[in-house]
Amino acid sequence: MKSIEQINEKISSGKAVVLTAEEIIDYVDEKGLEQAAKEVDVVTTATFGPMCSSGCFINLGHSKPKMRITEAWLDDVSAYAGVAAVDLFLGATQLQANDPANRDYPGDFRFGGGHVMEKLVAGEEVQLFALSYGTDEYPLKELRTTLTINDLNQCIMVNPRNCYQNYNVAVNTSDKPIHTYLGYLKPHMKNCGYSSAGQLSPLLNDPFYRTIGVGTRVWLAGAQGHVYSEGTQHSPTCERGLLGVPSEGAGTLALTGDMKKMLPEFVRGVSLKGYGISLSVGVGIPIPILDEQMLLQTTIRDRDIMAQVIDYASDYPQRNGRVLGSVSYEELKSGSISLDGQKIEAGGLSSYSKARKIAALLQDEIKTGRFLLTQPIAPLPVEQSMKPLKESSL
Amino acid sequence: MSDEIQTKKLMLYFPECETEKPIVYHLVKDYDLIINIFRARVTPEDEGYLVLDVTGTEEHILQGSEYIRSLGIRIDGVNKGLIWDKDKCAQCGCCVPHCPTNALSIPDRRTMEIVFNTEECIECLSCIKVCPFGAVSSLF
Ligand code: SF4
Ligand code: SF4
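Set out below in structure tokens:
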């Protein structure tokens, strides 16, 4: 049994043994659980994929004369200004003004909040347009300027829902193609879309949130951020398989971090034809190996992680709750799955190769003493399920 | 010069489409080449693009190419109509099931890295429609 303090001491002295969630599998096979638990201090997990429910708080600093902003646009993408005089909230899924959306179906959705966030992190110039009604101490009524992230007073990313523990596999049983947030789905289940880093994914390596909790320091697109709450739609009461790993959505994390410290490679605007805009973000989370049980959890492999196949042509939009079947991540990553004897081509939305890169970057930061672990200040709920919307007849 | 039959993918660029000549007809008839056209486009400015495969002996392909050049048409044997930007690619793999020829593929399922093989690409443009990161684009 090790404590986080002991692990941090080893990290600070450059002696910590850190393996990625991929490397640990073979390591434990080779050394045995008991021996490996003694040797290994940290396992790094990671994921990179679209995280709708993302955005950022921007504090612009004050103009001269001052302005109490009531409406604002960044590169013509509306940012919410009802927070404070010069605080804006930019949502990742907000469309650029005048985007035809799905009027000309399927719409292209070329640019939105996620792309503005990508540009900011890349250090590119963004246009600000703001309006106000003017007050005695905030007289300015209109402002137009260009800014880069360096000009902003602060730019703080918030992901109210990130790192979904597991996710649906989407198929289309209808006879028309459909456009979904899991990609373009051909008719008659010719292909499927999925989104998870499988065996590298943070919450699949700590399925009961023993080490990941409120206050946990995370690697958020290269910055050191943290978990500030359970994520929205956190619903850990669910079907679970081997080692308690959920076979459906389950837990989520709410994350925050300083966008000024992020790396452009890991903050990317997403355009999903016929669906809309989103943001892909890279996250890495270290798992302290406190004991053998914790180590065992991190040995979960793709072949043992199951995901539910859902029909996005009818059951998903109609909330029927029907599940067509279950497939493993090993199958999904092989490029095709089989369901009722039919071969279905599989394409991911989350990037396993980027997740590998993040797990390795975090591994390096910990090994070299630049990233220390934290003790959560509060656990995430382990029993909670998702409530549907109440609709009343008027 | 080898007599072996080979296939070459060429992109033709017509700066101004002044040629009235039936190019494909001449390539087939005069140079004994098999032509497979992937994509053609004439813009309102009268610029034109044509991406095609030519199959024949090395000598015939060379002579055919000379004939095309003599008409003031530029041949680009390196760039093709479809451009994959490695740095923009997030390696998601979303395009792979939509690529009919495996031009975009994941050769190593352990690392899941995406590889683009321009020779295999038939410019169907499916990947442009499904790529969420704008990593593939068309030159025209
Ligand atoms: S254009 Fe078609 S053939 Fe070429 S890479 Fe894209 S999907 Fe594949
Ligand atoms: S869909 Fe786009 S970003 Fe994803 S692998 Fe293909 S080219 Fe790269």
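Heads up: the protein sequence lines correspond to chains W and G, in order.
If you count by this note's numbering, then the first sequence holds residues 358 to 751, one letter each, in order.
If you count by this note's numbering, then the second sequence holds residues 293 to 432, one letter each, in order.
Ideal Cβ placement from N, Cα and C applies to all residues, glycine included.
Just so you know, these numbers come straight off a predicted model, no measurement behind them.
Using a cut-off of 8 Å between C-beta atoms, extract the partners of residue i located in chain G.
i, result
"W:L542", "Neighbours of W:L542 on chain G: none; closest Cβ ~10 Å, over 8 Å."
"W:K690", "R401, M404"
For residue i, count the other beta carbons within 10 Å of its own beta carbon; 16 or more makes it buried, fewer makes it exposed. Which is it?
i, result
"W:A458", "exposed"
"G:T335", "exposed"
"W:E387", "exposed"
"W:Q392", "exposed"
"W:H545", "exposed"
"W:G579", "buried"
"W:I722", "According to the sequence displayed, residue 722 of chain W carries Glu and not Ile. Buried, by the Cβ-count rule."
"W:Q734", "Note that residue 734 of chain W corresponds to Ile in the displayed sequence, not to Gln. Under this definition W:I734 is an exposed residue."
"G:L344", "buried"
"W:E379", "buried"
"W:T573", "buried"
"W:G588", "buried"
"W:V739", "exposed"
"W:K372", "exposed"
"W:Q650", "exposed"
"W:T502", "exposed"
"G:E312", "exposed"
"W:P496", "exposed"
"G:G348", "buried"
"W:M743", "exposed"
"W:A441", "exposed"
"W:K700", "exposed"
"W:H472", "buried"
"W:T613", "buried"
"W:K421", "exposed"
Mind checking which residues open and close the alpha helix (DSSP H) that includes residue i?
i, result
"W:Y655", "According to the sequence displayed, residue 655 of chain W carries Thr and not Tyr. Its alpha helix (DSSP H) spans residues 649-655."
"W:M408", "No alpha helix (DSSP H) contains W:M408, which DSSP labels as neither H nor E."
"W:Q451", "Where W:Q451 is concerned, there is no enclosing alpha helix (DSSP H), given that its DSSP letter is neither H nor E."
"W:L719", "709-724"
"W:D615", "Per DSSP, W:D615 belongs to no alpha helix (DSSP H); it is in the beta strand (DSSP E), 610-615."
"W:L560", "559-562"
"W:E494", "Here W:E494 belongs to no alpha helix (DSSP H), and DSSP marks it neither H nor E."
"W:K388", "380-388"
"W:Y298", "It is not possible to answer for residue 298 of chain W, since the shown part of chain W is limited to 358 through 751."
"W:S830", "This structure leaves residue 830 of chain W out entirely; chain W is present only between 358 and 751."
Starting from residue i, follow the beta strand (DSSP E) in both directions and report where the run begins and ends.
i, result
"W:P593", "Neither: W:P593 is in no beta strand (DSSP E) and is coded neither H nor E."
"G:Y359", "Per DSSP, G:Y359 belongs to no beta strand (DSSP E); it is in the alpha helix (DSSP H), 350-362."
"W:G639", "633-645"
"W:V483", "483-488"
"W:E605", "W:E605 -> no beta strand (DSSP E), and no H or E assigned at all."
"G:D368", "366-368"
"W:C512", "511-519"
"W:H536", "535-537"
"G:C419", "Unbroken run through G:C419 is the alpha helix (DSSP H), 418-422; no beta strand (DSSP E)."
"W:Y585", "580-587"
One question on the structure: do residue i and residue j come within less than 9 Å of each other, judged by their Cβ atoms?
i, j, result
"W:A607", "W:N523", "yes"
"W:T492", "W:L681", "no"
"G:F425", "G:R333", "no"
"W:Y541", "W:A703", "no"
"W:F466", "W:D456", "yes"
"G:H390", "W:N525", "no"
"W:L488", "W:I426", "yes"
"W:P517", "W:L706", "no"
"W:V640", "W:V575", "yes"
"W:A438", "W:M474", "no"
"W:G726", "W:D659", "no"
"W:T377", "W:T402", "yes"
"G:Y305", "G:R361", "no"
"G:E339", "G:P307", "yes"
How would you list, in chain order, the residues of chain B whose beta-carbon sits under 9 Å from the beta-carbon of residue i?
i, result
"W:N516", "The structure shown contains no chain B; the protein chains it does contain are W and G."
Which residues in chain W have a C-beta closer than 9 Å to the C-beta of residue i? List them in chain order.
i, result
"G:H352", "Neighbours of G:H352 on chain W: none; closest Cβ ~39 Å, over 9 Å."
What does residue i touch in chain W if you count any residue whose Cβ is under 8 Å from its own?
i, result
"G:H318", "Per Cβ cutoff of 8 Å: no residues; G:H318 is ~39 Å from chain W at best."
"G:I398", "G692"
Quick one: which residues of the region 619-651 of chain W get their C-beta closer than 7 Å to a C-beta of chain G? List them in chain order. So the close ones are R625, V627, S628, L629, K630, S637.
Closer than 7 Å, Cβ to any Cβ of chain G: which residues of the region 478-493 of chain W, in chain order? For the region 478-493 of chain W, there are no residues whose beta carbon sits under 7 Å from a beta carbon of chain G.
Any residues in the region 362-388 of chain G with a beta carbon nearer than 8 Å to a beta carbon of chain W? Which ones, in chain order? For the region 362-388 of chain G, the set of residues with a beta-carbon nearer than 8 Å to any beta-carbon of chain W comprises A382, Q383, C384, G385, C386, C387, V388, in chain order.
Near-chain G residues of the region 570-591 of chain W (beta-carbon distance less than 8 Å), N- to C-terminal order: Listed by position, the residues of the region 570-591 of chain W near chain G (Cβ gap below 8 Å) amount to none.
Selection of the region 701-733 of chain W by Cβ proximity to chain G, strictly under 8 Å: Legend: CB atoms of the region 701-733 of chain W lying less than 8 Å from CB atoms of chain G belong to residues E702, A703, G704, G705, L706, S707, S708, Y709, S710, K711, R713.
Residues of the region 413-432 of chain G with a CB closer than 7 Å to any CB of chain W: list them in chain order, please. Within the region 413-432 of chain G, the residues whose Cβ lies closer than 7 Å to some Cβ of chain W are K421, V422, P424, F425, G426, listed in chain order.
To be precise: take each residue of the region 525-555 of chain W, compare its Cβ to all Cβ atoms of chain G, and keep it if any distance is under 7 Å. Which residues remain? So the close ones are G540, Y541, N548.
What are the residues in the region 297-315 of chain G lying within 7 Å of chain W by C-beta distance? The region 297-315 of chain G vs chain W, Cβ under 7 Å: nothing.
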